[in-house]
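Only one structure is covered here, and it is reproduced in the block below.
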Amino acid sequence: MKYVVFLDILGFKNKLRTLKHKIIKDFIANFSATIYKIFKKKNLSNKVNGYIVSDSIILYSSDIREESLVALIELIVEICRSEFTQNGILIRGAIAKGEFDRIPAIELPRLQKQLIVGEAYIDAYLLESSVKVIGINLSKEVYKDILNTSIVIDIIEEKNNQSTYYLLKYINVDFLLLDKNLQHFISLAREAKWLPHYYNTIYFATKKEKNDKKIEQVFIKIEDIISKNWHDLDLFIKNAFAEGVIDSFKRRFLRHIRQKLR
335 MKYVVFLDIL GFKNKLRTLK HKIIKDFIAN FSATIYKIFK KKNLSNKVNG
385 YIVSDSIILY SSDIREESLV ALIELIVEIC RSEFTQNGIL IRGAIAKGEF
435 DRIPAIELPR LQKQLIVGEA YIDAYLLESS VKVIGINLSK EVYKDILNTS
485 IVIDIIEEKN NQSTYYLLKY INVDFLLLDK NLQHFISLAR EAKWLPHYYN
535 TIYFATKKEK NDKKIEQVFI KIEDIISKNW HDLDLFIKNA FAEGVIDSFK
585 RRFLRHIRQK LR
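Those letters in the sequence shown? Residues 335 to 596, by my numbering.
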C-alpha cells in the first residue's frame with residue numbers, strides 16, 4: 335500500500351497548440367528544474383519517490399506511515415507554490431491510497447519503458463480531473479488519514495451535486511492577495527479566457543475566511559487590475575456565471591456586485 339499523487343499543469347495542452355517548440359522546451363525545463371531542486375533540498379528518497387512525464391508529475395510514498403504522508407503533503411504544497419511563484423505555472427492534482435508498483439522493464443537501445451500498475455494510480459488520475467479547480471483533490475481515505483496526523487494544512491470539504499470532495503488548497507487568501515501572485519493568477523486566467531477553474535479557486539481560497547474585508551479585497555484587486563480593458567472586465571463578469579462555476583462562488587460574487595451598486 336502506498337499514497338500516490340498525480341499532478342499536472344493546468345492549460346498545458348493549449349500551450350502546445352499556441353507556442354513554438356523552443357518556448358515549450360524551455361517551459362518544461364524550468365518546470366522540471368524546480369521540482370529537482372525541491373527534491374534535492376528535502377532529501378526524501380527514503381519516504382517519497384517519483385518522476386516527471388511531460389507536464390505531469392507522479393509521486394508515491396514508500397509506505398503508508400504517518401511520517402511518509404506528512405512528507406508527501408509538504409512536498410506537494412512546496413512544489414505547487416514554487417511552480418506558481420517561480421514559473422507562473424498552476425498545478426492541479428489528486429492523491430489516492432492503494433496498491434501501486436513501478437515495474438523495471440528491459441530497455442531496447444532506443445526505447446525506454448516506464449511501467450506502473452495499481453489502483454491508487456488510476457484513482458489519483460481520475461480524481462485529478464473530477465473537480466474544476468486549482469488544488470489537490472483527495473480521496474476520502476486519504477482525507478481521513480490526514481485528519482489523524484499532526485500536520486496543519488488547509489483542506490476544504492465541499493458538497494456539490496450530491497457528491498462530496500475534499501480539496502487540499504495551496505492557494506489561500508493571503509497567498510492570493512500578494513500583488514505578484516495575483517498578477518500571475520490573473521494573467522493565466524486571461525490566457526485561459528477565465529475557465530471555471532479560476533473562479534472556483536477564488537471561492538476555495540476565500541472559503542472559511544472570517545474576515546469579510548479580505549474577501550472583498552480579492553474582488554476589488556482583481557477588478558482594479560483588469561478594468562483597464564473593458565473586454566477583460568466583461569469576460570470576467572460574464573464567465574463568473576458560466577456552467578462549471580460553483581454556485582457558492584456565484585452567490586458571493588453577486589453579493590459583491592450588489593455592494594458596488596449601492
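A virtual CB, placed ideally from N, CA and C, is assigned to each residue, including glycine.
Annotation for Ile489: the continuous beta strand (DSSP E) segment containing it runs Ile489 to Asn494. Judged by DSSP secondary structure, Lys336 falls within the beta strand (DSSP E) whose first and last residues are Lys336 to Ile343. Per the Cβ contact rule, the segment 351-360 is not in contact with the segment 470-483 (fewer than 3 Cβ pairs under 8 Å). By the CB criterion at 8 Å, Asn471 and Tyr499 fall inside the cutoff. Here Asp457 has Ala430, Gly432 and Ser473 as same chain residues with Cβ atoms under 7 Å from its own Cβ, once five neighbours each way along the sequence are excluded. Note that the C-beta distance between Leu424 and Ile468 is below 8 Å.
Within a 10 Å sphere around the beta-carbon of Asp389 sit 16 or more other beta-carbons, which makes this residue buried. For Ile580, the secondary structure class from DSSP, reduced to helix, strand or coil, is coil. The continuous stretches of alpha helix (DSSP H) do not include Ser396, and DSSP gives it neither H nor E.
In this chain, Lys466 is not harboured by any beta strand (DSSP E), its DSSP state being neither H nor E.
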